[in-house]
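Here the structure is laid out as structure tokens; the discussion comes afterwards.
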């Protein structure tokens, strides 16, 4: 199963993860 | 060979013009074929035609009765296990799939009657602290891909894209959705100081502090809040002229189905929760018009962009999903589709994977504008649960509507304050069940 997020954010929003990285619920995905 | 390699003289000469021309023709031909493959085929309504595309083994998988297999898998895994076997069997499963048994709730494996129940296990309080960042992971899993949405296309893997409109559905002018009137007298005014809901003033500080709000109107807040918790979900639309025959799918556009919006909160708790989300979202002005198309990606605010992220949940992962931010879910769109595996292996091979599979698009807004979250089902986990939507039923038997058709429910009555289902970061939203 998969969860896809699609969202509007300021253009300077940056993801703080990298592809294939394992994450836990509640961990930071990105921030402005 | 050594002699030939070392003694053969190298003689350079220009290629004949015809060979060069042929080479250019071949390059152009390859480019044209590649472009034709990437071109989007549209139907008479201007919607992208979603077809199964991929190598031969993808077509072989596509020929299997995946939905029936999924339901059978769910049935097998719902069978009750003998109590003596549960610790051994579930421990073996945990070992094979890397589940951490230290964090499950309840910790006693004998309390899980089946593998399906263990699969949908809960976690102990506090084992997943929520980061204060504006966006956190909605689930345990692996980040498959992320980036910006370019020209309404979302990248599935490098070089393969799918349509954002196909993923979320399109709000077409003239559809019932476009003329829904949000006529509640609702506004939240003055920077984080008080809120007016249907003519009643609420102090947000009081609400956050869990003290009963003072009232100055003719209607009590508890009346208003009670009505919100027992509100109904309304199915308002199908798309693409679909004629679904499933009993849970409206027979015609505009059909209404009574459905309780799930909530165990009392009136005061509801107001406190809603106000908390309002504060986190920085709500301080009347809600913006819903007529703006949020799904096209062409109407983002100046200075904003549209982003996407995909989190894959492997079989051993905790399979409930949570709110990734403070936001309000305004509606959900249920797309009945196939149930292909969504593993990274398949994502690299099957184009349009996420718009072919059964999914629930939860659409709403957060402090920066549009926010959407789409749980996508797979062969082993066809059942998608949304805690606040007790009408939602996925992976059902019956004839399927064509790809792209969806049923829609709105949550506008769930909260008088925010006109949708408010969610705080980390709040449990639902999950995936086997079958």
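Residue numbers (this note's numbering), protein chains in the order written: chain P, 1 to 32; chain S, 1001 to 1435. Even for Gly, the Cβ is constructed at its ideal location relative to N, Cα and C.
Using a beta-carbon distance below 8 Å, is residue 1375(S) in contact with chain P? Residue numbering aside, residue 1375(S) sits at position 375 when the second chain is read from its first letter. Chain P, which has a Cβ nearer than 8 Å to the Cβ of residue 1375(S), makes this yes.
Report buried or exposed for residue 1018(S), applying the criterion of at least 16 other Cβ atoms within 10 angstroms of its Cβ. For this step, residue 1018(S) is matched to residue 18 along the second chain. Residue 1018(S) is exposed by the Cβ-count criterion.
Euclidean distance between Cα positions of residue 1431(S) and residue 1120(S): For the purposes of this step, residue 1431(S) is taken as the residue at position 431 of the second chain. For the purposes of this step, residue 1120(S) is taken as the residue at position 120 of the second chain. When rounded, the distance between both Cα atoms is 8 Å.
Roughly how many angstroms lie between the CA atoms of residue 1415(S) and residue 1365(S), to the nearest whole one? Position 415 of the second chain, counting from 1, holds the residue named residue 1415(S). Position 365 of the second chain, counting from 1, holds the residue named residue 1365(S). Taking the straight line joining both Cα atoms gives about 14 Å.
What do you get for residue 1151(S), buried or exposed, if any count of 16 or more other CB atoms within 10 angstroms of its CB means buried? On the second chain, position 151 is the one that residue 1151(S) refers to. It counts as exposed.
Do you know how far the Cα of residue 1077(S) is from the Cα of residue 1113(S)? Reading the second chain from its first residue, position 113 is the one you call residue 1113(S). Reading the second chain from its first residue, position 77 is the one you call residue 1077(S). Between residue 1113(S) and residue 1077(S), the C-alpha separation is close to 10 Å.
Report yes if the CB atom of residue 1388(S) is closer than 8 Å to the CB atom of residue 1325(S), and no otherwise. If you number the second chain from 1, residue 1388(S) lands on position 388. If you number the second chain from 1, residue 1325(S) lands on position 325. No, these two residues do not count as a Cβ contact at 8 Å.
If the criterion is Cβ atoms closer than 8 Å, does the pair residue 26(P) and residue 1098(S) meet it? What you label residue 26(P) is simply residue 26 of the first chain in a count that begins at 1. What you label residue 1098(S) is simply residue 98 of the second chain in a count that begins at 1. No, the Cβ-Cβ distance between residue 26(P) and residue 1098(S) is not below 8 Å.
Is residue 1327(S) buried or exposed, if buried means 16 or more other CB atoms sit within 10 Å of its CB? Locating residue 1327(S) in the second chain gives position 327, where the first residue counts as 1. Buried is the call here.
Below 9 Å on C-beta distance, what does residue 1114(S) contact in chain P? Residue mapping note: residue 1114(S) aligns to position 114 of the second chain, counting from 1. Identification of chain P residues near residue 1114(S) by a Cβ-Cβ cut-off of 9 Å yields none; the smallest Cβ-Cβ distance measures about 18 Å.
Can residue 1323(S) and residue 1138(S) be called in contact, C-beta distance under 8 Å? Residue 1323(S) sits at position 323 when you count from the first residue of the second chain. Residue 1138(S) sits at position 138 when you count from the first residue of the second chain. In this structure, residue 1138(S) lies closer than 8 Å to residue 1323(S) by Cβ.
Can you name, in chain order, every residue of its own chain whose Cβ lies under 8 Å from the Cβ of residue 1168(S), other than the five neighbours on each side? Taking the first residue of the second chain as 1, we reach residue 1168(S) at position 168. Cβ contact annotation for residue 1168(S) (same chain, cutoff 8 Å, sequence separation greater than five): 1295, 1333, 1361, 1363, 1372 and 1374, in chain order.
Does DSSP put residue 1390(S) in a helix, in a strand, or in coil? Reading the second chain from its first residue, position 390 is the one you call residue 1390(S). Residue 1390(S) falls in the coil class under three-state DSSP.
Can the beta-carbon of residue 1311(S) be found less than 8 Å from the beta-carbon of residue 6(P)? As a first step, residue 1311(S) is located in the second chain; it is residue number 311 there, counting from the start. As a first step, residue 6(P) is located in the first chain; it is residue number 6 there, counting from the start. Contact flag unset, no.
Going by DSSP, what residue range makes up the beta strand (DSSP E) through residue 7(P)? Working through the first chain from its first residue, we reach residue 7(P) at position 7. 2 to 10 is the extent of the beta strand (DSSP E) around residue 7(P).
Roughly how many angstroms lie between the CA atoms of residue 1274(S) and residue 1428(S), to the nearest whole one? For the purposes of this step, residue 1274(S) is taken as the residue at position 274 of the second chain. For the purposes of this step, residue 1428(S) is taken as the residue at position 428 of the second chain. Taking the straight line from one Cα to the other gives about 15 Å.
Any chance the segment 1302 to 1319 of chain S sits against the segment 1131 to 1150 of chain S, with 3 or more Cβ pairs inside 8 Å? yes
For residue 1162(S) and residue 1319(S), I'd like the C-alpha separation in whole angstroms. Reading the second chain from its first residue, position 162 is the one you call residue 1162(S). Reading the second chain from its first residue, position 319 is the one you call residue 1319(S). C-alpha separation (whole angstroms): 25 Å.
Count the other CB atoms, across all protein chains shown, that sit within 10 Å of the CB of residue 1434(S); report buried if there are 16 or more and exposed otherwise. Position 434 of the second chain, counted from the first residue, corresponds to residue 1434(S). Burial call: buried.
Neighbour flag for residue 1304(S) against chain P, beta carbons, 8 Å: For the purposes of this step, residue 1304(S) is taken as residue 304 along the second chain, with counting starting at 1. For residue 1304(S), the answer is yes, since a Cβ of chain P falls inside 8 Å of its Cβ.
Return the residue from the list 1317(S), 1145(S) and 1380(S) that minimises the CA-CA distance to residue 1071(S). Mapped onto the second chain, residue 1071(S) falls at position 71. Out of 1317(S), 1145(S) and 1380(S), 1380(S) has the C-alpha closest to the C-alpha of residue 1071(S).
Start-end ranges of the beta strand (DSSP E) lying completely within the segment 1095 to 1130 of chain S, minimum 3 residues: none
Can you say whether residue 11(P) is buried or exposed, counting buried as having 16 or more other CB atoms within 10 angstroms of its CB? In the first chain, counting from the first residue as 1, residue 11(P) sits at position 11. With a 10 Å radius around the Cβ and a threshold of 16 neighbouring Cβ atoms, residue 11(P) comes out exposed.
Which bits of chain P does residue 1300(S) rub up against, with CB to CB less than 7 Å? The residue given as residue 1300(S) occupies position 300 in the second chain. Chain P residues near residue 1300(S): 8.
Using the rule of at least 16 other Cβ atoms within 10 Å of the residue's Cβ for burial, across every protein chain shown, is residue 1449(S) buried or exposed? In the structure displayed, chain S extends from 1001 to 1435; residue 1449(S) sits before or after that span and is not available.
Quick one: does residue 1133(S) have its CB under 8 Å from some CB of chain P? Locating residue 1133(S) in the second chain gives position 133, counting from the first residue. Residue 1133(S) counts as touching chain P.
Consider the Cβ of residue 1418(S): report whether some Cβ of chain P lies at a distance smaller than 8 Å. The residue labelled residue 1418(S) in the question sits at position 418 within the second chain. With 8 Å as the cut-off, residue 1418(S) does not count as an interface residue toward chain P.
Residue burial classification, residue 1085(S) (beta-carbon count within 10 angstroms, cutoff 16): Working through the second chain from its first residue, we reach residue 1085(S) at position 85. Exposed, by the Cβ-count rule.
If you draw a straight line from the alpha carbon of residue 1269(S) to that of residue 1390(S), how long is it in whole angstroms? Translated into positions along the second chain, residue 1269(S) becomes position 269. Translated into positions along the second chain, residue 1390(S) becomes position 390. If you draw a straight line from the Cα of residue 1269(S) to the Cα of residue 1390(S), it is about 20 Å long.
Could you tell me which residues DSSP pairs with residue 1406(S) in its beta bridges? The count along the second chain starts at 1 and reaches residue 1406(S) at position 406. DSSP, once it has assigned bridges, lists 1335(S) as partnering residue 1406(S).
Are the Cβ atoms of residue 1417(S) and residue 1278(S) separated by less than 8 Å? The sequence position of residue 1417(S) within the second chain is 417, counting from 1. The sequence position of residue 1278(S) within the second chain is 278, counting from 1. Yes, they are a contact pair.
Span of the beta strand (DSSP E) holding residue 1070(S)? One-based indexing of the second chain puts residue 1070(S) at position 70. Residue 1070(S) -> not in any beta strand (DSSP E); alpha helix (DSSP H) instead, spanning 1066 to 1078.
Pull out every residue of the segment 1381 to 1393 of chain S whose Cβ sits closer than 7 Å to any Cβ of chain P, in chain order. 1381
Quick one: what's residue 1363(S) bridged to in DSSP? Start at 1 with the first residue of the second chain, and residue 1363(S) comes out as number 363. Note: residue 1363(S) sits in a beta bridge opposite 1331(S) and 1372(S).
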